[in-house]
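Following: one structure in structure tokens, then a few remarks.
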Amino acid sequence: MLLFSGVFFTLGYVMGRKEFEGQVRAAGLSSIEWRVLATMHDGGRLTVSQLAHEVLSKQPTVTKLLQRMSEQGWVALQADPADQRRTLVAATPAGRRLVRPLVTKARAHESAMLSTLAASEQVALKKLLGKIAGR
529 MLLFSGVFFT LGYVMGRKEF EGQVRAAGLS SIEWRVLATM HDGGRLTVSQ
579 LAHEVLSKQP TVTKLLQRMS EQGWVALQAD PADQRRTLVA ATPAGRRLVR
629 PLVTKARAHE SAMLSTLAAS EQVALKKLLG KIAGR
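Right, dumping it as structure tokens:
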């Protein structure tokens, strides 16, 4: 599973979303832009439909968003060589630089939220959130 996926975003929504979203806005990103860049920050590539699933959004919404993010230089879009009907998405170096400080803060935020739980409880919570997120 990706580090930042539907489970992570569900956890963030349930616990402390507002305080972290203030940091996201201060960085100049919308909530969904943050989710896209956080999901893509490790340099991997996903199809638009996979990305929409991971960021808990509808594909047409993500498609429009990615066009804008591409124009800003935050993501790169390319046709999938295996299937020209699909588009692959990757964060650009500029997109990764923009989101890197937020990823660090998000990891710390998640760790703080989960610190009162035993490791087995953390695993159980993530599994349950995975069910909620439809994974």
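At position 23 of the sequence shown the residue is numbered 551 (the working numbering), and the sequence of numbers has no breaks. We put the beta carbon where it would ideally sit given N, CA and C, even for glycine.
Margin query: I'd like the list of long-range same chain contacts for Lys-624, defined as Cβ closer than 6 Å, with 5 residues on each side in sequence excluded.
Written below: By one-based count along the sequence shown, residue 624 stands at place 96. The question names Lys, but residue 624 is Arg in the sequence shown. Leaving aside the five residues that flank Arg-624 on each side, the residues in its chain whose CB is nearer than 6 Å to its CB run, in chain order, His-569.
Notebook entry, point to check: Apart from the five residues just before and just after Phe-548, which ones in its own chain have a Cβ nearer than 8 Å to its Cβ?
Noted result: Within the sequence shown, the letter at position 20 stands for residue 548. Correct list, in chain order: Gly-540, Lys-633, Ala-634 and His-637.
Check: Roughly how many whole angstroms lie between the Cα atoms of Ala-664 and Leu-593?
Finding: No information on residue 664 is available, as it lies outside the stretch 529 to 663 that the chain covers here.
Notebook entry, point to check: Going by the beta-carbon positions, is the gap between Val-617 and Val-576 smaller than 8 Å?
Noted result: Mapped onto the sequence shown, residue 617 falls at position 89. Mapped onto the sequence shown, residue 576 falls at position 48. Going by C-beta atoms, Val-617 is nearer than 8 Å to Val-576.
Checklist line | Val-617 - containing beta strand (DSSP E), residue span | finding: Position 89 of the sequence shown, counted from the start, is the residue given in the question as residue 617. Per DSSP, Val-617 belongs to the beta strand (DSSP E) from 611 to 619.
Next item on the list: Could you name each continuous alpha helix (DSSP H) segment of 4 residues or more that falls completely within the segment 567 to 591, going from the start of the chain to the end?
Entry: Fully enclosed alpha helix (DSSP H) runs of 4 or longer: 576 to 582.
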